[in-house]
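Every position in the sequence shown, counted from 1, becomes a number in the numbering used here once 9 is added. From the three backbone atoms N, C-alpha and C, an ideal C-beta is built for every residue, glycine too. Since the model is a prediction, treat every value here as computed from it, not as a measurement. One structure is given below, encoded as C-alpha cells.
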Amino acid sequence: MQNIERNEMFDLAYRFVTETSENIFLTGKAGTGKTTFLKYLKENSTKNIIVAAPTGVAAINAGGVTLHSLFQLPFHPFLPTKINKEELLAKIKFNKQRLTLLRKMELLVIDEVSMVRCDVMDAIDTILKHARKNYQLPFGGTQILFIGDLYQLPPVAQNLEWSILKEYYESPFFFDSIVVKEQSPLLIELDKIYRQNEQSFVRLLNKIRNNDMDADDFEDLHTRYLPHFNPSSDEKYITLTSHNKQADKINEVKLYNLNSSSFLYKAKIEDEFPENLYPVEEELELKEGAQVMFLKNDVIQKRYFNGKIGIVKELQNEKIIVECDGAEIEVGQETWENTRYTLNHADGKLEQEIIGTFT
C-alpha cells in the first residue's frame, strides 16, 4: 500500500469496506491510523464515495463536506416520529443534481462520528430512504463507514435539546439512534499506535482513558507529579489550559520573550472558503526558537504527524526549518481544500470539485 504502514486490522477494514456492503464503525485511539486509512480509501477504492463530517473544520480536514450541507439538515432537534419525518422531507428541496448525487453514492463516510448526535443520524436515514426510494434498508441501502473515537469529542446536546430528545433516545451518541440500533455496524478497532515510542507512557495513558487504573498505576502517575516544578524559559514544556484564551496568552508571552526577529505569515485564501471553515488562524507569527506543533500528518514521507512538537530553526518566505528530536525537517506550505461533490454523467462516477483553498 504505497508508503502507508499496514497492519492486519487496517487490511481487514479495507477489505470489508471495499468488498462488502456492510456498515462499519472504524475506531481506535489517537495515532492508530484512522486518518491514514481514510486517505488511502479515497485514493484507491472504486466505489462512489462521499466523505462528510459534523463540523466545517472536521470536514475540511477530512477532505469532505459537512453533513448539514450535504443533506440540508435542520439545526433544531429532529424527533423520529411519522409527522416529524414528513415535515423534514417537506422542507428539503433537493435539486435534480443533488438527488442524482445521493442515488449514485455507494459509500458514505462519516468522520468524527463521536460528535454526531443520535437524532441527526435518524434524520440522515429518513432523507436517504426518501431520496433513494428504498424504505426497507437502513440509510436507503447506502453503505456507511463511521470513523471516530468515542473517547474524544462528544455530540453537542444542550439541556433544552436533550430534555426533548431523551423521550426518544437513551443517549445523545450516534449509536443510540434508531437506525443504528436496528442494524449495528461491524466494529473494527485499529490498535497499533504509530506516533508514540514511549510504550510505558502509552500504557498509562490508555489506563486513564479507559478508567482502568489500579493502585500501581496511581503510584506510577504520582511519581510524575511535581507540585513545585517551575521550568526555566528554555525548557520547552507544553502547558494544558481549560480555555483557548489562556493558551493564546501564554503563547504570546513566550513568543514576545524570544530575542529573534518576528516573521508574519498570512494565509492565502482563494475563491470560496468561509471564515468559519478556516483550519488555522489567518495570520501566524513565528520566531526562530519558537516551539511549534504540527497540525497535519506527513502521510508520504512520515516525517511528522498531527501533534508532533518541534523548534523553529529557520524562517523563510516559502518554507520553515523545524528541528524535531535532533533532526531538521523542511516544512513547505500546506493547502486545505474546500470541496463539493458533483456527478460525472459520462461515467456515472462521483467527483470532488475544489471550490476554494486555504494555504
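For the alpha helix (DSSP H) assignment, the uninterrupted runs of no fewer than 4 residues enclosed by the region 12-92 are, from N- to C-terminal side, 17-28, 43-53, 65-71 and 76-80. Rounded to whole angstroms, T135 and G149 show a C-alpha spacing of 8 Å. Excluding five sequence positions before and after Q192, the CB atoms of its chain that fall closer than 6 Å to its own CB belong to P147, given in chain order. DSSP, read as helix, strand or coil, puts L174 in helix. About 43 Å separates the CB atoms of F238 and T366; that is not less than 8 Å, and the two are not in contact. By the Cβ-count criterion, A61 is buried, with 16 or more other Cβ atoms from all chains shown falling within 10 Å of its own Cβ. Taking one beta carbon from each stretch, the region 38-54 and the region 93-102 have fewer than 3 pairs nearer than 8 Å; the two do not touch.
Just so you know, the alpha carbons of F46 and A140 end up roughly 29 Å apart.
Within the same chain, I101 come within 6 Å of Q81 by CB-CB distance, once the 5 residues on both sides are set aside.
In the structure shown, the three-state DSSP call for Q255 is helix. Residue state for T368 is assigned as coil, using DSSP reduced to three classes. Listed in chain order, the non-local C-beta contacts of I197 below 8 Å within the same chain comprise M18, L21, A22, F25, I33, F34, L35 and T36, local neighbours out to five positions each way being set aside. F272 is the residue among W345, D229 and F272 whose C-alpha sits nearest the C-alpha of N326. DSSP lists R349 as the bridge partner or partners of E362.
Taking Y160 as the centre and dropping the five residues before and after it, the same chain places the C-beta of R218 closer than 6 Å to its C-beta, in chain order.
Between K322 and C333, the gap from beta carbon to beta carbon reaches 8 Å or more.
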